[in-house]
Every structure is written in structure tokens, then in C-alpha cells.
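A.B. asks:
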Amino acid sequence: MPSTPTSSIRLRGLQKTFTSPDPEIGEVHAVGGVDLDIHTGEIVALLGPNGAGKTTTLDMVLGFTNPTSGSVEVFGLDPQTAVLGGRIAAVLQTGGLLRDLTVDETVELIASTHPDPRPAAEVIERAGLTAVRQQRVQSCSGGEQQRLRFALALLGDPDLLVLDEPTTGMDVQARQEFWAAMRAEAEQGRTIVFATHYLQEAEDFAERTVLMANGRVVADGPTDRVRRDASSRRVTARVTDDRIEAVRAELVALDGVRSVTVERGRLLVESNDSDDIARRLLGPLGGTDLEIEAASLETAFIQLTRTGDPS
Amino acid sequence: MTATSLDAAPRTTSTLNTTYYRLELRRVLRDRVTLFFTAGLPAVLYFVFGASPEYGSEPVGDGNVAMWIMIGMAAYGTVSATAGIGGAAAIERMQGWTRQLGLTPLRPSQFVAVKAAVAMTVASFPIVLVYGIGFVTGASAPWHVWLISIVVLMLGAMTFALYGLGFGLAFRSEAAVSAASGALVVMSFFGNIFVPLTGWQLTLAKFTPLYGYVALARRALTGGNTIDPDGGDLIPEALLPVLLNVGFWTTLFAAVTIVLVQRSRGRQ
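Chain order of the listed sequences is W and U.
Under our numbering, read the first sequence as residues 13 to 323, first letter to last.
Under our numbering, read the second sequence as residues 5 to 272, first letter to last.
#1: Closer than 7 Å, Cβ to Cβ, to anything on chain W: give me those residues from the segment 20–39 of chain U, in chain order.
#2: Express the C-alpha separation of residue 148/U and residue 154/U in angstroms, rounding to a whole number.
#3: Return the CA-CA distance between residue 166/W and residue 83/W, expressed in angstroms with no decimal places.
#4: Any idea which residues DSSP pairs residue 250/W with across the strands?
#5: If residue 299/W sits next to residue 279/W, beta carbons under 8 Å apart, how far is it from one beta carbon to the other, in whole angstroms?
#6: Can at least three beta-carbon pairs, one atom from the segment 68–85 of chain U and one from the segment 150–170 of chain U, be found at a separation below 8 Å?
#7: How long is the line joining the alpha carbons of residue 173/W and residue 107/U, rounded to whole angstroms?
#8: Assign residue 75/W to buried or exposed, taking buried as 16 or more other Cβ atoms, counted over all protein chains shown, within 10 Å of its Cβ.
#9: I need the DSSP call for residue 76/W, collapsed to helix, strand or coil.
#10: By DSSP, does residue 23/W sit in helix, in strand, or in coil?
#11: Check the Cβ of residue 96/U against every Cβ in chain W and list those closer than 9 Å, keeping chain order.
#12: So, does the CB of residue 15/W fall closer than 8 Å to a CB anywhere in chain U?
#13: Do we get a CB-CB distance below 8 Å when we pair residue 76/W with the residues of chain U?
#14: Pick from 116/U, 136/U and 140/U: whose alpha carbon is nearest that of residue 169/U?
#15: Assuming residue 55/W and residue 20/W are in contact, meaning their beta carbons sit under 8 Å apart, how far apart are those beta carbons, in whole angstroms?
#16: Chain U beta carbons: is any one of them nearer than 8 Å to that of residue 322/W?
#17: Measuring only between beta-carbons, confirm whether residue 32/W sits less than 8 Å from chain U.
#18: Could you check how far apart the C-beta atoms of residue 138/W and residue 193/W are, in whole angstroms? I think they sit under 8 Å.
#19: Report back the beta-carbon spacing between residue 60/W and residue 225/W to the nearest angstrom; my notes put them in contact at under 8 Å.
#20: Are any of the Cβ atoms in chain W nearer than 8 Å to that of residue 266/U?
#21: For the candidate residues 104/W, 40/W, 93/W and 99/W, whose alpha-carbon lies nearest to that of residue 206/W?
#22: Checking the sheet assignment: what are the DSSP bridge partners for residue 233/W?
#23: Following the continuous beta strand (DSSP E) through residue 112/U, name the residue where it begins and the one where it ends.
#24: Which residue from 43/W, 251/W and 36/W puts its Cα closest to that of residue 230/W?
#25: As a quick exercise: from 98/U, 198/U and 252/U, pick the residue whose alpha carbon is nearest that of residue 231/U.
#26: My understanding is that residue 155/W touches residue 186/W, with C-beta atoms under 8 Å, so please give their C-beta distance in whole angstroms.
#27: Looking at the structure shown, is residue 254/U part of a helix, part of a strand, or coil, going by DSSP?
#28: Does residue 95/U come out as helix, strand or coil in the three-state DSSP assignment?
#29: If you measure beta-carbon to beta-carbon, which residues of the segment 116–130 of chain W are closer than 7 Å to chain U?
#30: Please report the straight-line C-alpha distance between residue 271/W and residue 246/W, rounded to a whole angstrom.
#31: Determine whether the beta carbon atoms of residue 400/W and residue 109/U lie at a separation below 8 Å.
#32: Quick check on residue 130/U - is its C-beta less than 8 Å from some C-beta in chain W?
#33: Under the three-state reduction of DSSP, which class applies to residue 14/W: helix, strand or coil?
#34: Would you kindly work out how many angstroms separate the C-alpha atoms of residue 22/U and residue 119/W, rounded to a whole number?
#35: Helix, strand or coil, according to DSSP, for residue 33/W in the structure here?
#36: Can you name the residues of chain U whose CB is closer than 8 Å to the CB of residue 106/W?
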């Protein structure tokens with residue numbers, strides 16, 4: 013296990029451009045200049061909608077594809093060297109298994125590629141697969157297959173675990189079990205980076221969230237702060253008809269206010285700083301019957317990713 | 005092959021990963037249908053066309069017709085076997101298994117070594133079976149003909165592992181890999197494998213992928229001749245066109261496979 017507080021992953025000016033076979037589309041900038049440091053022992057969520065560049069970024073970290081420009085270092089090494097040294101492992105999104113092998117055989121096969129693998133029984137136990145050891149992969153459920161990928165990732169005793177949308181296709185219970193197993197690994201000091209488009213997963217599991225949109229990092233920090241920054245709240249209050257236009261004009265001019273609308277005698281204010289708006293409305297502005305609603309996580313998500321959209 | 009336990013798995017990078025090899029072989033043996041088509045069918049074909057008929061004992065070079073047919077049927081079996089292994093590798097790649105291995109310390113050269121060893125082993129099944137039946141049912145030739153033909157069959161079969169791999173990479177489906185194996189039957193006919201061809205069919209045959217392969221495998225038997233089906237006599241055949249045939253198709257399959265592997269890498 014790592015002990016020194018060094019960078020696990022260091023990305024500098026990372027870019028990946030694909031050329032589409034369709035000449036009308038031309039070049040696609042999947043990753044458009046990412047700088048990122050992930051420190052040893054951190055648990056980081058890479059959050060973003062489909063097409064944000066999460067998978068492409070992780071593919072470069074794992075050495076599956078080379079950057080068009082910029083650099084990737086994993087524990088100060090290039091990704092291929094880190095993979096060959098067994099320092100980095102990943103749980104693949106889908107596929108990656110031979111359907112005609114049993115769970116046991118799959119673990120045995122991947123173990124044989126490592127110079128000093130963790131005992132097969134131990135990783136099978138840890139991934140909760142003991143009951144299905146003799147089962148063929150093709151007759152395992154989606155959740156079991158995903159836990160098998162997880163078991164394979166543990167075999168090399170990696171310092172860094174990369175998970176790309178690890179709970180895709182799992183039901184709620186499988187998802188909870190999966191994250192419980194992952195927490196146990198994190199407690200041993202492994203660095204864990206996972207891509208997800210579920211805000212809830214980032215909130216429940218990651219202490220730090222990196223939000224990506226359109227191939228760029230649009231927010232990066234402690235998960236609750238990222239969410240708070242992203243989440244606008246809606247303050248509504250009743251204001252008398254004769255003053256409503258004046259109040260609206262005053263609020264629109266404030267920092268952090270995204271919109272102010274009037275609906276059936278009530279003022280609706282979307283803002284980052286709901287406390288300030290509430291204070292003003294209840295104080296000098298003379299509002300009554302005030303309500304504050306937190307925007308849903310999904311709204312927050314849309315809000316933040318839209319911020320990263322150049323259009 | 006010794007059975008290794010998990011704890012005794014090889015850990016050096018220079019030797020063959022015998023655990024992987026053993027598990028791959030187990031996968032092949034589980035697939036009974038493919039096994040029948042690669043080993044059982046050529047054996048049956050030989051039994052029907054080579055061992056039973058009276059013309060089997062007619063002389064060909066230093067041996068007999070049964071020997072000539074036996075080498076052909078074994079050739080069909082070996083190419084089916086290696087094309088199947090190559091095609092399966094393409095399907096594994098499509099299903100992300102190559103990515104999974106890409107996350108382990110296994111080097112690509114070690115992967116290729118395991119697959120080549122498996123292909124060689126599986127290619128030997130039809131040879132052992134067909135040659136075994138041939139041996140006890142009257143195929144005859146001097147011992148060096150048996151030996152040389154086996155070596156040529158084994159080495160040449162690798163070309164068709166590339167054929168299966170290329171087909172699978174190009175069409176990216178299991179059905180395509182089955183079609184590739186099916187096409188080998190047609191190619192075998194036009195490769196002079198099942199029956200001695202004549203006239204325009206023979207002229208055409210000399211350009212098809214399996215012709216050079218089987219002609220080389222039978223060369224020790226025929227002593228540089230080919231069977232004239234009209235009279236059953238041997239007529240001389242130049243070595244150069246046969247070598248050109250093998251060289252051309254091997255180069256083509258290898259080049260196509262390399263291009264396709266590079267393209268699929270770019271797509272990942």
C-alpha cells in the first residue's frame with residue numbers, strides 16, 4: 013500500500029481528438045485539455061453526462077489509447093509501465109469476460125498473469141462470489157459479472173483502482189453491495205477513481221468530485237462543495253403588486269442570481285446564494301410567505317454541465 | 005503438459021503461461037460442435053473417400069492414393085482448427101477480453117505465444133486422428149513422407165489462423181467467423197484437397213489459398229508431381245508457383261490482419 017502523499021495520477025494539458033469517418037463531422041475533441049492531479053488515497057468521482065470525455069480520459073490513464081497531446085503520469089510512470097507493474101487496475105464497464113469460463117477459471121487465468129497475485133479464494137470472497145465459483149460466466153447475473161470484474165481488478169493488489177461506470181446494469185441491492193465492497197478496499201488506502209453519471213453515487217462515495225462536460229473539467233473539489241456550487245436554489249416569496257417590478261430589478265442585478273420571474277403575484281428567484289436572497293426579501297424588500305426549495309440533484313447536474321458548454 | 009495448480013502458476017515472462025494455455029485448451033474441448041467439424045468430420049471424410057474405395061491402394065509416387073487423400077483431409081481439418089482459433093481471438097477482442105488482458109502484466113507477445121501454442125495443439129487433433137486412421141487402414145508411404153507432411157501441415161496452418169482472425173476483425177460477428185470456416189469447405193474443393201481437379205478447375209485452383217498449402221504438404225509423397233486425374237498418372241509440377249501461392253496468401257492475410265488490428269485499436 014502507498015504511504016507517501018504523492019500524486020497517483022497527474023494529467024497535464026491532456027487532449028484526445030478522434031477523426032470521424034463521416035467527413036461532415038470531421039474531428040471530434042473527446043478530451044479538450046484536462047489538467048488534473050489525483051493524490052494517493054483519494055476517492056474521486058469523475059462525474060459527467062455521456063460524451064463528457066470520462067471514458068476517453070480513463071482510457072488514457074489505463075494506457076489503452078495515447079493522448080493526441082499532453083501527458084499522463086501514473087505514480088510517476090507512463091500508464092503502460094504502471095499496468096505492467098501491477099500498480100493500476102480497472103473494472104471495465106462491460107464485456108471483458110470469457111463467457112464459457114467459470115468464475116473460478118477466470119480468476120485463475122488472470123491470476124496467472126500477475127507475478128504475485130492475491131489468493132484467488134480471498135478476492136472471490138471479497139467480491140462476494142463464493143456461491144457462484146463453479147458457475148459459467150454466461151449464466152452469472154449482470155451484478156455477479158461486475159463483481160467478477162472487480163475480483164479480477166483486486167488480484168494484482170493495485171495501488172490505484174479505476175472504475176468506469178461500475179454499477180451500470182445493477183439493481184439497487186447489487187449496487188449497494190458493490191459500493192460496500194469498494195469501501196472496504198478504500199479503507200486499505202487504495203486510490204479509487206470512478207466515472208459515473210449518477211450524482212448520488214458521487215455523493216455517497218466520493219470525497220472529491222471532478223465534473224466533466226464536453227471534454228473539459230468544469231468543477232473540481234470536495235463533493236458537497238461541487239454540488240453546492242452547482243446547485244441553485246429557488247426562493248419564492250409574495251411581494252405586493254406595486255413593488256414587484258422594483259424588487260425584481262434589484263434582485264436581477266445581484267451576483268449569483270440566475271433568473272427572476274413573476275408568477276401569479278409571487279416572485280421566483282433562482283440563485284446560488286439562497287440565504288442572501290431570503291434575508292433581503294424578508295428584510296428591506298418586504299416579501300412575505302417565503303419558501304426555499306433545493307433544486308434536485310438532476311437539476312444541479314444540468315446546471316453545472318451547461319456552464320461548461322461554450323455555446 | 006503438466007497440470008499446474010494456481011499457486012504453481014508461472015511467473016516469469018520468458019516462458020509460456022501454462023495456466024492460460026491449459027484453460028484455453030479446456031475451452032476448446034468444451035466446444036464439442038467445433039471439435040467435431042475440425043477433427044471428426046475430416047476423419048469421416050477420409051474414411052469414406054480414402055480408406056474404403058479400391059483406388060486407395062493405387063500407387064502415387066512412393067506411396068498410395070489413400071496417403072494422398074489422407075494428407076488432404078488432415079489439411080482441411082488443420083485449417084478449420086486454426087481458422088477457428090483465429091476467429092475466436094477476434095471475437096474475444098470484440099467482447100473486450102483483450103482490454104481485460106491489457107490491464108494485466110501479460111505482454112502481447114505472451115498472449116500471442118499462448119494462442120499460437122493452442123492453435124498448434126488444436127491443429128494436431130485432426131492430424132493425429134486422420135493419420136491414425138490412415139495408418140491402420142492402408143495409407144502407405146515411406147516414413148519421411150509422414151513426417152515431412154505433418155511438419156508442413158502444422159506450419160502452414162498458421163496462415164489460416166491469420167485468415168480466421170482477419171475475417172473476424174473485419175466483420176466483427178460470430179456469424180462471420182462461422183462463415184469463414186464454411187468458406188474453407190469451398191476453398192478446400194478449389195484447393196485440390198478433396199478430389200484431384202482437372203481442366204479449368206485445376207487452372208483456377210492454383211490461385212486459391214489452400215492449393216499451395218496442400219501441394220507443399222503432399223510434395224514429399226508425389227516427389228514434385230501432381231496427379232493427372234484423367235489417367236491417374238503423375239505429371240511434373242514446378243515448385244515456384246506453389247511457393248508463390250503460399251507466400252502471396254500468407255502475406256495478404258498477415259497484412260490485412262495488421263491493418264485491421266491497428267484500425268480497431270484506434271477505435272477503442
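Glycine included, each C-beta is placed from N, C-alpha and C at the ideal position.
C.D. replies: Reading it off the structure:
#1: Those residues of the segment 20–39 of chain U that come within reach of chain W (Cβ to Cβ, closer than 7 Å) are 21, 23, 24, 27, 31 and 34.
#2: 10 Å
#3: 27 Å
#4: 278/W and 300/W
#5: About 7 Å; that satisfies the 8 Å criterion.
#6: yes
#7: Cα to Cα, the separation comes out at about 11 Å.
#8: Residue 75/W sits buried, since 16 or more C-beta atoms from the chains shown fall within 10 Å of its C-beta.
#9: coil
#10: strand
#11: 110
#12: Only weak support is given to the placement of residue 15/W: the predicted model assigns it a pLDDT of 42, under 50, and the question is left unresolved by the model.
#13: yes
#14: 116/U
#15: That belief does not hold up - the Cβ atoms of residue 55/W and residue 20/W are roughly 11 Å apart, past 8 Å.
#16: Caution is warranted here: a pLDDT of 42 is assigned to residue 322/W, below 50, making its placement in the model unreliable, and no coordinate value can be reported.
#17: no
#18: Contact between residue 138/W and residue 193/W is confirmed by a C-beta separation of about 6 Å, below the 8 Å threshold.
#19: 6 Å
#20: no
#21: Per the C-alpha coordinates, the member of 104/W, 40/W, 93/W and 99/W positioned closest to residue 206/W is 104/W.
#22: 221/W
#23: Taken as a continuous stretch (DSSP letters only), residue 112/U belongs to no beta strand (DSSP E), being part of the alpha helix (DSSP H) at 112–141.
#24: 43/W
#25: With respect to the C-alpha of residue 231/U, the residue from 98/U, 198/U and 252/U having the closest C-alpha is 198/U.
#26: 3 Å
#27: Three-state DSSP puts residue 254/U in a helix.
#28: Helix, per DSSP.
#29: 117, 120, 121, 122, 123, 124, 125, 126 and 127
#30: 10 Å
#31: Past the edges of chain W, shown from 13 to 323, lies residue 400/W, and the structure says nothing about it.
#32: Cβ-Cβ to chain W under 8 Å: no for residue 130/U.
#33: With a pLDDT of 43 at residue 14/W, under the threshold of 50, the predicted position of this residue should be treated as unreliable, though the coordinate-derived value follows. In this structure, residue 14/W counts as coil in the three-state DSSP scheme.
#34: 15 Å
#35: coil
#36: Near residue 106/W (Cβ distances below 8 Å), the residues of chain U are 100.
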